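For what it's worth, my numbering labels the leading residue of the sequence shown as 1, then goes sequentially.
Heads up, the beta-carbon is just placed ideally off N, CA and C, and yes, glycines get one too.
For clarity, every value in this text was computed on a predicted model and none was experimentally measured.
One structure is given below, encoded as structure tokens.
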Amino acid sequence: MTKIRFIISLIIVLLFIVLGVILSGNNLNLYIDTASLILGIILPYIIISFVFSPSEQIKMNREIFKPTGTGDKAVLESALVYFKSFKKVLIYSGIVWTIMGAIAIGVHLEGPEALGANFGVLMIVPFYISIFLLIVVEPLRASAEKSLKA
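Put into structure tokens, the structure is as follows:
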């Protein structure tokens, strides 16, 4: 996978998401939540960075973006382990924050003003994680696997 193809696929998926939001009659601001982005994507990245240092991650990404079949096999195998681990951490993180949102909803059933924010956390974190897995983690993992087999 080249960087250009990766960026183009990223932009296309994001445009389809924006189009879906607009066609459903919703405001794009409903889907923007910085706290959920931090909890769902940034925090798992920090956790996985304790295992795979940022310099290792940069090295893995460089190998992935090389032409198919020319990357270092050992680095590509490490990249597969990295992306599989990152995917698990992302999914577990999504489960934790979804459960926390459900607990917060259960605690505040008598006060409807708190339900909206808690329901937002319950739903938006898995949404962010799903999008991130779809447009970043899985394409890079698949590209590493393809380069490894070539």
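Check	Outcome
Spatial neighbours of L133 within its chain, please: C-beta separation below 7 angstroms, excluding the five flanking residues on both sides.	K87, L90
Hey, I135 and V13 are a contact pair by Cβ (cut 8 angstroms); roughly how many whole angstroms apart?	5 angstroms
Applying the 10 Å Cβ sphere with the 16-neighbour rule, what's the burial state of S147?	buried
With a CB to CB cut of under 7 angstroms and the five nearest residues on each side skipped, what residues in its chain are close to G40?	S93, G94, W97, V125, Y128, I129
With DSSP as the reference, label G71 as helix, strand or coil.	coil
How big is the Cα-Cα spacing for G71 and L15?	31 angstroms
By the three-class DSSP mapping on this structure, what secondary structure does T98 have?	helix
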